[in-house]
Amino acid sequence: ADGRFVVFVSAATELVAGDTNGEADVYVRDRVMGGTARVTVNAAREGANKGSSEPAISGDGTTIAFTSFATNLVAGDDNVDRRFSPPEADVFVAGNPLAE
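Numbering (the numbering used here), first residue to last: 18 to 117.
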């Protein structure tokens, strides 16, 4: 890992255009090219409907893992295990949208 990409969590709405979900999101910053992208979006590019945290990035910078309470990141995920209240977070793995 050369430190080119940094992953972090923020609830700020001015980091990327269109971030209006009001939730903590996972972002990736490219320290070489200067871009920032929100990782916690679904296939339709909609932001997570609940908070996300605990990001980690692979050594080659291409893969990002994080936890989230969101129910709209993948189809069929209701994030509800009826044995627990409140619902438990899931672990997600996503490609780095800024990786070449």
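From the three backbone atoms N, C-alpha and C, an ideal C-beta is built for every residue, glycine too. Quantities reported herein were computed from a predicted structural model and do not represent experimental measurements.
Tell me the DSSP secondary structure of residue i in three-state form.
| i | result |
| --- | --- |
| F86 | coil |
| G112 | strand |
Does the beta carbon of residue i fall short of 6 Å from some heavy atom of the ligand ZN?
| i | result |
| --- | --- |
| T53 | Among the components of this structure there are no ligands whatsoever, and the ligand ZN is therefore not found. |
Based on DSSP bridge pairs, tell me the residues matched to residue i.
| i | result |
| --- | --- |
| D107 | S85 |
| A73 | A82 |
| A54 | V45 |
| V24 | V45 |
| G64 | V58 |
As a quick exercise: from the options, pick the residue whose alpha carbon is nearest that of residue i.
| i | options | result |
| --- | --- | --- |
| D47 | T84, G20, D95 | G20 |
| V108 | S70, L115, P114 | S70 |
| T37 | G64, M50, F25 | G64 |
| L115 | P104, N59, A54, F86 | A54 |
| S27 | A60, E117, P72, A111 | P72 |
Exposed or buried, which one is residue i when buried takes at least 16 other CB atoms within 10 Å?
| i | result |
| --- | --- |
| R62 | exposed |
| G68 | buried |
| G78 | buried |
| T57 | buried |
| F83 | buried |
| A34 | exposed |
Does any C-beta atom of chain D lie closer than 7 Å to the C-beta of residue i?
| i | result |
| --- | --- |
| R100 | The structure shown contains no chain D; it is built from a single protein chain. |
Segment contact flag, the region 88-95 with the region 35-50, C-beta cutoff 8 Å, min 3 pairs: Taking 8 Å as the limit for Cβ pairs, the verdict is that the region 35-50 does not touch the region 88-95.
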